[in-house]
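Participant: Below are the structure tokens for one structure; questions will follow.
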Amino acid sequence: FGVGEPFRGRRLAGRAVQLLYPLAKSYGLNPLWLSCNPDNFSSMRVMQWLGARYVETIDMPPDYERYYSRGERQKRRYRLDY
Numbered sequence: 001f002g003v004g005e006p007f008r009g010r011r012l013a014g015r016a017v018q019l020l021y022p023l024a025k026s027y028g029l030n031p032l033w034l035s036c037n038p039d040n041f042s043s044m045r046v047m048q049w050l051g052a053r054y055v056e057t058i059d060m061p062p063d064y065e066r067y068y069s070r071g072e073r074q075k076r077r078y079r080l081d082y
């Protein structure tokens, strides 16, 4: 998720994730696994607000170009049971 600067501080990211619960449940996706960069404190706060539990920090595989091309080498993983 991402929220533009003029709209931050309104819990929109967390509320958007909550709106996905019925759709995720219809596909049998419980728990949800969420991730963020280790330095993204705003996303970490959203995860906490949602009640997600921090599980681990993982190294991204070098062949996963989507992240490596942006300099992202690790992700924090959260488990969200809803």
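If you're matching positions, the sequence shown starts at 1 in the numbering used here and goes up one per residue. Glycine included, C-beta positions come from ideal geometry on N, C-alpha and C. All of these numbers come straight from a predicted model, not from anything done at the bench.
(1) Between the segment 11-25 and the segment 54-62, are three or more C-beta pairs nearer than 8 Å?
(2) Within 10 angstroms of the Cβ of TYR78, are there 16 or more other Cβ atoms? Answer buried if so, exposed if not.
(3) Thinking just about the alpha-carbon of each residue, which of TYR67, TYR82, ALA24 and ASP81 is nearest to the one in CYS36?
(4) If I follow the unbroken alpha helix (DSSP H) through GLU56, where does it start and stop?
Facilitator: Taking the structure as given:
(1) no
(2) buried
(3) TYR67
(4) Here GLU56 belongs to no alpha helix (DSSP H); instead the beta strand (DSSP E) covers 53-59.
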